[in-house]
Amino acid sequence: MFAVVLTTDGGPVAPRLAGIADHHVEVVGSARRVAFICSKPGPASAEAGATGIQSLGGRYWIVGRLRLDARGELRSLLSDRVGDRTAAASDAQLCLHAYAVWGDGFVDRLAGDFCFALWDGERNRLVCVRDQLGVRALFHAEAGRTWFASDSLDWIAAQAPVARDLDDTWIADFLGVGHGLEFERTVYRHIRRLAPAHVLTVSDAGAIVRRYWRLDIAEPLHYRDRRLYAERFLDLLSRAIADRLPAGRVGISMSGGLDSTALAACAVQATGDPSRVAAECTYFERLMPDEEPHFSTLAARHLGIELRLRAIDDLTYDPQWRSRSIRTAEPQASIVSAHPDQVVGREQAGVATVWFQGEGPDNALVFERDAYLSWLIGRRDWRRLAEAVVLYVRTKGMSGWMATFRRYAGRRRAVDGSLAVPPWLDPALVGRVDLEERLRGVGAAREPRHPWHPQAVASFNDPIWSAVFADLDHEEMLAPLVWRHPFLDLRVLEFMLSVPPVPWAREKLLLRQAMRGRLPDRVLARRKSPLPASPLVQPIRTHGLPALSGSSRLDAYVDVRALPAGISAEGDLERVMAVHALDHWLAERTP
2 MFAVVLTTDG GPVAPRLAGI ADHHVEVVGS ARRVAFICSK PGPASAEAGA TGIQSLGGRY
62 WIVGRLRLDA RGELRSLLSD RVGDRTAAAS DAQLCLHAYA VWGDGFVDRL AGDFCFALWD
122 GERNRLVCVR DQLGVRALFH AEAGRTWFAS DSLDWIAAQA PVARDLDDTW IADFLGVGHG
182 LEFERTVYRH IRRLAPAHVL TVSDAGAIVR RYWRLDIAEP LHYRDRRLYA ERFLDLLSRA
242 IADRLPAGRV GISMSGGLDS TALAACAVQA TGDPSRVAAE CTYFERLMPD EEPHFSTLAA
302 RHLGIELRLR AIDDLTYDPQ WRSRSIRTAE PQASIVSAHP DQVVGREQAG VATVWFQGEG
362 PDNALVFERD AYLSWLIGRR DWRRLAEAVV LYVRTKGMSG WMATFRRYAG RRRAVDGSLA
422 VPPWLDPALV GRVDLEERLR GVGAAREPRH PWHPQAVASF NDPIWSAVFA DLDHEEMLAP
482 LVWRHPFLDL RVLEFMLSVP PVPWAREKLL LRQAMRGRLP DRVLARRKSP LPASPLVQPI
542 RTHGLPALSG SSRLDAYVDV RALPAGISAE GDLERVMAVH ALDHWLAERT P
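Numbering (the numbering used here), first residue to last: 2 to 592.
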């Protein structure tokens with residue numbers, strides 16, 4: 002945990018702050034108006050990017066969680082201005098030097114996973130930054146003439162001056178879809194979450210929030226030699242992995258699918274030593290058919306890496322979850338498996354401190370054939386259009402066309418993708434926050450529609466990522482391990498989004514071509530196989546959900562009498578679980 006407290010009235014920081022007994026505290030500034038706070042180092046602090054409190058010549062101070070990509074390129078840029086002083090600099094020191102050289106423009110040179118606060122003693126201002134995709138969270142609040150910023154929502158909420166009123170809009174979103182629908186909102190009305198790719202600057206003159214980066218994919222990337230696509234992708238992914246490798250072993254959360262096995266193959270190549278790569282495959286023995294052990298074993302044997310198979314039929318739901326002493330900063334449906342997650346996480350930490358996850362290609366390599374071809378037609382780019390059609394016909398093959406014929410031959414009703422308001426929500430709440438309209442906008446593009454890759458680009462501007470990263474951040478709190486995401490490296494992500502969707506996004510052709518000869522043919526030939534059902538349905542039908550607390554605080558949001566007596570559909574299950582997660586969270590919190 003780290004935090005910064007700043008007074009904007011010129012006075013010193015109040016001496017009494019909650020939750021700092023076992024933390025490092027350093028008060029800086031000519032009037033002792035800025036307090037830097039950070040946890041003492043733990044088993045995974047270094048890998049988690051904990052910077053400690055660092056200074057550059059007493060002029061600039063920084064604290065945060067910081068892991069940079071492309072350090073060599075950044076050092077090269079800085080060396081032209083400051084000489085060799087950055088040769089052995091830490092990531093935090095590189096940030097301080099970058100700020101000293103480029104001022105506000107320093108964020109344009111940064112990439113990686115980070116959230117940090119920087120005090121500029123020369124201009125008497127606080128600069129808080131969150132990474133481009135929001136892997137690391139940063140919260141802030143203003144109470145009177147005092148500002149609080151931290152990666153811990155709980156810590157800010159515990160400070161006496163900060164109001165703890167709940168945000169009805171966030172709670173309604175959570176009960177409707179399982180997460181907030183706005184980047185900036187938190188469960189507390191007066192505590193804000195800094196949005197990804199944003200900077201908060203606070204001085205005596207006030208506070209300014211600005212966006213410093215956008216996911217901007219202009220023209221498709223065209224190579225004359227098609228082999229260059231796979232070569233360039235491998236080069237970028239290898240760099241991303243090298244930037245994320247720890248000194249010791251690295252773990253791979255590896256199914257038998259293409260994305261995670263590709264990470265394992267590239268990690269072996271990057272380390273040059275298969276013994277430094279360990280993988281774990283989770284699967285179901287009883288709840289549903291599951292081929293992951295077969296395909297993950299094929300990949301592991303091919304790569305010569307250690308593989309652990311873990312059956313998770315009894316780990317997706319903990320019948321005793323309400324009695325566990327585990328809390329979350331905001332209501333999270335994943336609380337129902339927090340205890341098994343903690344047990345598994347501690348075992349994984351014994352294997353490796355850093356673990357890779359394969360999120361990214363499922364979103365970036367969405368096959369948007371119609372949008373891309375329509376865009377080419379609109380531009381009258383007949384040569385590219387003809388090339389795309391030929392490549393599409395060729396790569397689809399006879400089996401692909403037969404699947405298309407079967408799909409269109411059958412009668413399939415159109416499914417309305419809109420979300421209905423759960424009937425058990427308080428009508429006053431629904432009307433107050435206009436929840437029906439908010440749910441109609443779920444999945445809608447938040448940025449101008451991308452002309453030829455709309456769904457893929459829009460998916461990375463969706464607040465659901467904040468919920469995904471919040472779950473992973475909570476796992477890191479439960480066990481001394483760190484999750485990293487090589488496919489979300491901006492170099493890799495922007496390349497995946499830049500290749501022409503036809504043919505490279507069809508069934509992830511880009512990955513399949515890149516992994517030829519690096520993974521077994523049977524793994525490369527395997528098609529995406531989503532889970533046939535939610536793994537929570539059967540355990541909850543077996544064990545049931547625990548009784549609600551009976552607290553009147555839940556009545557402001559839910560009519561518990563309208564809750565279904567049983568679970569008839571997965572959609573009902575997820576929303577009923579959100580009610581239980583909120584009730585548990587409210588019961589654990591003092592008003």
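Every residue gets a Cβ at the ideal spot worked out from N, C-alpha and C, and that includes glycine. Just so we're clear, the structure is a prediction, and the values are computed from it rather than from any experiment.
request  = Go ahead and pull the three-state DSSP assignment for GLY207.
outcome  = strand
From ALA515, ILE336, GLU331, residue whose alpha carbon lies closest to that of ALA138 = GLU331
request  = Only counting runs of 3 or more residues, tell me where the beta strand (DSSP E) segments fall wholly within the region 27-80, in order along the chain.
outcome  = 35-40, 55-57, 61-69
task = Grab me the residues of LEU587's own chain with a C-beta within less than 7 Å of its C-beta, minus the 5 sequence neighbours each way, in chain order.
result = SER552, ARG554, LEU555
query = Pairing CB atoms from the region 116-134 with CB atoms from the region 438-447, are three or more of them under 8 Å?
reply = no
request  = Report yes if the CB atom of THR262 is closer than 8 Å to the CB atom of LEU246, and no otherwise.
outcome  = no
inquiry  = Residues in the same chain with beta-carbon distance under 7 Å from GLY386, minus the five sequence neighbours each way, listed in chain order, please.
reply    = The question names Gly, but residue 386 in the sequence shown is Leu. LEU374, LEU377, ILE378, listed in sequence order.
task = Evaluate contact between the region 169-179 and the region 133-153, counting only Cβ atoms and requiring at least three cross-stretch pairs below 8 Å.
result = no
message = On the CB-based measure, 16 or more other CB atoms within 10 Å of its CB, does VAL391 come out buried or exposed?
response = exposed
message = In this structure, how does DSSP classify THR187 when only helix, strand and coil are distinguished?
response = coil
query = When the Cα atoms are used, what is the spatial distance from ALA526 to ARG517?
reply = 10 Å
request  = Can you have a look at HIS141 and say buried or exposed, based on whether 16 or more other CB atoms are within 10 angstroms of its CB?
outcome  = buried
task = Report yes if the C-beta distance between LEU440 and ILE172 is below 8 Å; otherwise report no.
result = no
message = With H, G and I counted as helix, E and B as strand and the rest as coil, what does DSSP make of SER261?
response = helix
query = Is DSSP giving ARG309 helix, strand or coil here?
reply = strand
message = Can you tell me whether THR272 is helix, strand or coil according to DSSP?
response = helix
request  = Could you name the residues of the same chain whose beta carbon sits closer than 7 Å to that of LEU167, not counting the 5 residues immediately before and after it, in chain order?
outcome  = VAL188, TYR189, ARG190
key: Cα-Cα separation between VAL352 and ARG309, rounded to whole angstroms   = 10 Å
ask   = If we cut at 8 Å on Cβ distances, does GLY351 have a partner in chain D?
value = Structure shown: chain D not included; a single protein chain is present.
query = In angstroms, rounded to a whole number, what distance separates the CA positions of ARG86 and ILE336?
reply = 46 Å
request  = Determine the direct distance from the alpha carbon of GLN321 to that of SER535, and round the result to whole angstroms.
outcome  = 20 Å
query = Within this structure, are the beta carbons of ALA506 and GLU360 separated by less than 8 Å?
reply = no
inquiry  = If you follow the beta strand (DSSP E) that TRP214 is in, where does it begin and where does it stop?
reply    = TRP214 -> no beta strand (DSSP E), and no H or E assigned at all.
query = Fully enclosed by the region 137-181, which beta strand (DSSP E) runs are 3 residues long or longer?
reply = 140-144, 147-151
task = Spell out a yes or no on whether the region 9-20 and the region 53-71 are touching, meaning 3 or more CB-CB pairs, one atom from each, closer than 8 Å.
result = no
GLU232 in three-state terms, based on DSSP = helix
ask   = If ASP169 sits next to LEU430, beta carbons under 8 Å apart, how far is it from one beta carbon to the other, in whole angstroms?
value = 6 Å
inquiry  = Please state the DSSP three-state secondary structure of TYR224.
reply    = coil
Neighbourhood of PHE234 by C-beta, 7 Å cutoff - its chain only, sequence neighbours within 5 removed = PHE496, LEU511, ALA515
ask   = Considering only the beta carbon of each residue, do THR9 and TRP148 sit closer than 8 Å?
value = yes
query = From LEU95 to LEU67, what does the alpha carbon distance come to, in whole angstroms?
reply = 10 Å
request  = For THR543, count neighbouring C-beta atoms within 10 Å of its own C-beta (all shown protein chains included) and say buried if the count is 16 or more, exposed if not.
outcome  = exposed
task = Would you identify the three-state DSSP class for ASP291, choosing helix, strand or coil?
result = coil
task = Would you kindly report the start and end of the unbroken beta strand (DSSP E) that includes ALA279?
result = 278-284
ask   = When the Cα of ASP314 is compared with those of GLU438, THR283, ALA548, which residue comes out closest?
value = THR283
query = Which word fits VAL394, buried or exposed, when buried means at least 16 other C-beta atoms lie within 10 angstroms of its C-beta?
reply = exposed
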